[in-house]
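Novice: Just passing along the structure, written as structure tokens.
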Amino acid sequence: MRGQKLLSPKLAIRLIFLLLPLAVWSCKKKEVANPAPDVTLKSVAPFPVGAAINPWLLKSNFNYYGRVATEYNSVTTENVLKFDFVEPQQNQFDFSEGDTILNFAKARHMRVHGHNLIWHNALALPDWVINFSGNTAAWEALFKNHIETEVAHYKGQIASWDVVNEAIRDDNGAIRNLDVNPGDGSIWRRNLGPDYIARAFQYAHEADPNALLFYNDYGQEWNSIKLDSMIALVTGLKARGVPISGIGMQCHIDINMSQANFKIALQKLAATGLLIHISELDISVNPGNDPNITYNYTLQLQQTNMYQYVVQTYKNTVPKAQQYGITTWNVGDADSWIPGFFKRKDWPLPFDSLYRPKNCYNGYLNGLKN
Ligand code: 9MR
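Below, the structure written as structure tokens:
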């Protein structure tokens with residue numbers, strides 16, 4: 071009886087009309103609900119997460135394109151901003167493929183990290199530099215012109231640069247100069263003198279005062295001599311007022327990496343007060359080059375645990391204000407540099423060759439969450 075009084079037929083009809091759209095909407099919502107949780111690396115990461123990418127795959131592989139767009143909020147230019155791509159002939163600059171990456175990233179509000187301005191490695195130097203025979207002033211002019219032109223082209227658009235890459239020797243921590251092994255020395259140090267590193271940062275800073283500038287190198291987690299000399303280099307630069315903002319720890323590691331050494335390296339690097347970028351992460355499962363290896367359960371588990379360890383330790387060891395982010399070197403196993411370079415089977419990345427998440431992707435995710 072009471073109910074009848076409270077809800078007159080008129081009111082009931084009104085209520086039905088009012089509530090009907092809500093009921094339809096909630097049924098529809100259930101129909102289209104995706105049973106898979108809507109989680110991506112960037113959705114859980116407390117710092118930027120990225121990958122080194124290549125413009126031809128962006129243009130030709132839909133799975134690659136989609137994966138990069140979905141998972142990451144930062145990208146590094148793997149090869150197309152290296153010296154040989156950008157200035158293949160003296161003073162003839164080609165930014166076409168760098169621009170492809172930039173435009174892709176811009177449209178998605180992703181951060182772009184430019185890799186790299188100065189590297190000794192002949193794989194990334196054009197012949198005209200390798201064969202250049204000018205005097206010191208001519209060397210300085212080509213060095214300065216290259217850095218300034220490249221940084222100026224992307225002024226205000228590329229957030230950060232690896233200004234100098236891999237300048238330190240593995241064997242004794244000295245700045246590369248003469249060749250130890252053929253090709254191991256630095257054409258830059260030989261022709262420009264020991265202070266070329268400071269000047270590279272200076273020239274880059276003058277071309278874009280707002281860009282963050284990094285020294286990038288490998289081996290921090292296995293070579294304490296190199297680690298200490300890298301720290302001496304960057305702290306020395308900082309003390310002199312050279313505009314350096316951060317250090318790139320490449321982290322081309324494998325499933326057997328010493329976790330204790332990795333943590334010590336991160337602590338020492340963070341103590342410089344500079345930004346710390348894990349800049350080229352990949353985790354090899356076949357460091358011993360076993361030709362008969364299969365990507366079995368044990369290897370996948372070890373790799374998953376190592377991804378989780380690295381990401382979690384970075385997150386919990388590096389002070390928040392210094393966390394520039396984590397970047398993997400490539401996206402999926404099919405585009406990894408490792409199988410080609412070492413001529414071996416390997417599966418070092420969080421995505422498989424069709425760009426589907428692998429088990430170690432969950433390690434990466436768990437590391438971000440814990
Ligand atoms: O992945 C890059 C590969 O495709 C290039 O052939 C090579 C030479 O330019 O460089 C590779 O990237 C390297 C990066 O520039 C610096 N750190 C080590 C990376 C793997 O060799």
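All letters in the sequence shown, in the order written, are residues 71 to 440 by the numbering used here. Glycine included, every Cβ here is placed at the ideal spot set by N, Cα and C.
What is the DSSP secondary structure of residue 260, counted as helix, strand or coil?
Specialist: Of the three classes helix, strand and coil, the one that applies to residue 260 here is helix, per DSSP.
Novice: Looking at C-beta atoms only, is the number of pairs between the region 267-285 and the region 322-330 that lie closer than 8 Å three or more?
Specialist: In short, these stretches do not touch, since the Cβ pair count stays below three.
Novice: Have a look at residue 434 and residue 317 and give me their C-alpha separation to the nearest angstrom.
Specialist: One C-alpha to the other measures close to 22 Å.
Novice: How big is the Cα-Cα spacing for residue 177 and residue 227?
Specialist: Spanning the two alpha carbons is a distance of roughly 12 Å.
Novice: For residue 374, which beta-bridge partners are listed by DSSP?
Specialist: The partner list for residue 374 (beta bridge, DSSP) is empty, contrary to what the question assumes.
Novice: Tell me which residues share the same chain as residue 338 and place their Cβ nearer than 7 Å to its Cβ, disregarding the 5 neighbours each side in the sequence.
Specialist: Result list for residue 338: 297, 301, in chain order.
Novice: Quick one: grab the DSSP three-state call for residue 230.
Specialist: Strand, per DSSP.
Novice: In angstroms with no decimal places, state the Cα-to-Cα distance between residue 386 and residue 121.
Specialist: Roughly 21 Å between the two C-alpha positions.
Novice: Using a Cβ-Cβ cutoff of less than 6 Å, which residues in the same chain neighbour residue 157 once the five nearest sequence positions on both sides are dropped?
Specialist: So the qualifying residues of the chain are 163, 216.
Novice: Run the Cβ filter for me: residues under 5 Å from any heavy atom of the ligand 9MR, listed in the order they occur in the chain.
Specialist: Going by the Cβ distance cut-off, the answer is 193, 194, 407.
Novice: Below 8 Å, how does it come out for the region 138-145 and the region 110-117: are there three or more Cβ pairs, yes or no?
Specialist: They touch, by the three-pair rule.
Novice: Does the Cβ of residue 345 have 16 or more other Cβ atoms within 10 Å, making it buried, or fewer, making it exposed?
Specialist: By the neighbour-count rule (16 or more Cβ atoms within 10 Å), residue 345 is buried.
Novice: Closest to residue 187 by CA distance: which of 221, 382, 167, 332 is it?
Specialist: Comparing Cα positions, the closest option is 221.
Novice: Rounded to a whole number of angstroms, what is the C-alpha to C-alpha distance between residue 210 and residue 260?
Specialist: Distance between the alpha carbons of residue 210 and residue 260 is about 12 Å.
Novice: Along the chain, where does the alpha helix (DSSP H) containing residue 327 start, and where does it finish?
Specialist: Neither: residue 327 is in no alpha helix (DSSP H) and is coded neither H nor E.
Novice: Closer than 8 Å by C-beta to residue 74: which residues in its own chain qualify, once you throw out the five before and the five after it? Chain order, please.
Specialist: Legend: pLDDT at residue 74 = 46, less than 50; position of this residue unreliable, value from coordinates given subsequently. Counting only Cβ-Cβ distances below 8 Å, and skipping sequence neighbours, we find nothing.
Novice: Do residue 348 and residue 319 count as a contact pair if the criterion is CB distance below 8 Å?
Specialist: Yes, Cβ-Cβ distance for residue 319 and residue 348 is below 8 Å.
Novice: Can you tell me the Cα-Cα spacing of residue 212 and residue 270, whole angstroms?
Specialist: So the two alpha carbons sit approximately 12 Å from each other.
Novice: Which ranges does the beta strand (DSSP E) cover as unbroken runs of at least 3 residues, wholly within the region 116-184, from first to last along the chain?
Specialist: As far as the region 116-184 is concerned, its whole beta strand (DSSP E) runs of at least 3 residues are 119-123, 144-147.
Novice: Taking the CB atoms as reference points, tell me whether residue 370 and residue 429 lie closer together than 8 Å.
Specialist: A contact, by the Cβ cut-off of 8 Å.
Novice: Have a look at the DSSP bridge pairing and note the partners of residue 319.
Specialist: Answer is 287, 348.
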